[in-house]
Each structure stands twice: as structure tokens, then as C-alpha cells.
Amino acid sequence: MKKNTGFIRVIKAAGYSWKGLKAGWQHEAAIRQELLALVLAVIIAFSLSFSAIERILLVGSVVLVVVIELLNSAIEAVVDRIGTEYHVLSGRAKDMGSAAVLVTSLLGLFIWIMLFIGYFQRL
Numbered sequence: 001m002k003k004n005t006g007f008i009r010v011i012k013a014a015g016y017s018w019k020g021l022k023a024g025w026q027h028e029a030a031i032r033q034e035l036l037a038l039v040l041a042v043i044i045a046f047s048l049s050f051s052a053i054e055r056i057l058l059v060g061s062v063v064l065v066v067v068i069e070l071l072n073s074a075i076e077a078v079v080d081r082i083g084t085e086y087h088v089l090s091g092r093a094k095d096m097g098s099a100a101v102l103v104t105s106l107l108g109l110f111i112w113i114m115l116f117i118g119y120f121q122r123l
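Residue numbers (full-length UniProt numbering): 1 to 123.
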């Protein structure tokens, strides 16, 4: 079987990525909420007087949360596919994925607080 290379591979990979985003949207409420937060972040970042770097940090911090949530959802799907009975390693994998989302969210919150403190000090 011949492997796809070059531009065909890129097109197919983009299709798989789109399929993953659609699955996240359809099956994960957290991803829908975080994508809404991303839209709001873009609106806020470009509506107020932030520098380009500040805008990148504001929007990027929310994008990072979405990325980690997608990975967490993928971990949960794989664990659930293996079996629904409780196993300590399954629980650990899910808990660690959830912790990654929490840590990333706290980082994003810190970035937003610090940038808004600076924003209000400039007024």
C-alpha cells in the first residue's frame, strides 16, 4: 500500500483534524464552552487597547486551554474504549488529564489578570 506524501498527506491530515474538532464539539460540553470563551477572548483582545504581544498572550492562553481539553478528551475516550470497569491506572490517566486542563486554565487566568491590571493602570 502506497503512503500518501506531500500535499495529499497534508490535505488528509487536515481532514482528520477537522473531524476531531467536530467530534469534540459534538461530544464534549467543556470544549464547546472553551471555544465560546475563545471567541470572547478574541473580541476582548481586539476591542481594547492591547499591544500585539498582549493580544497573542490573551488569545493564546485560551487556545492552549482548548488544546489541552482536546487532549484530555482523547485520553478519556481511549480509556473508556479499553473498558468501563474501574481500574486505578484508568482513573489516574483521567485525573492527570483533568489536572492538565486545570493547570492550563489557572495559567490562563493568571495571564488575563496580569494583563488587565496593566491595562487598567494605563488608563
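Every residue, glycine too, gets a C-beta built ideally from N, C-alpha and C.
Sub-7 Å separation of residue i and residue j beta-carbons
i   : j    : result
A41 : L57  : no
E34 : V66  : yes
S51 : G108 : no
Cβ distance (whole Å) where residue i is taken to contact residue j below 8 Å
i   : j    : result
E69 : V101 : 5 Å
S90 : N72  : At roughly 14 Å, the Cβ-Cβ gap does not stay under 8 Å, so S90 and N72 are not in contact.
K94 : I75  : 7 Å
Inter-residue Cα distance where the pair is residue i and residue j
i   : j   : result
E85 : A77 : 14 Å
K12 : G20 : 12 Å
N4  : A14 : 13 Å
A30 : A37 : 10 Å
A23 : S47 : 31 Å
F7  : Y16 : 14 Å
Outcome for residue i when other beta-carbon atoms lying within 10 angstroms are tallied against a minimum of 16
i    : result
L115 : buried
Extract the residue ranges of the alpha helix (DSSP H) inside the stretch 66 to 108, only unbroken runs of 4 or more that lie entirely within it.
none
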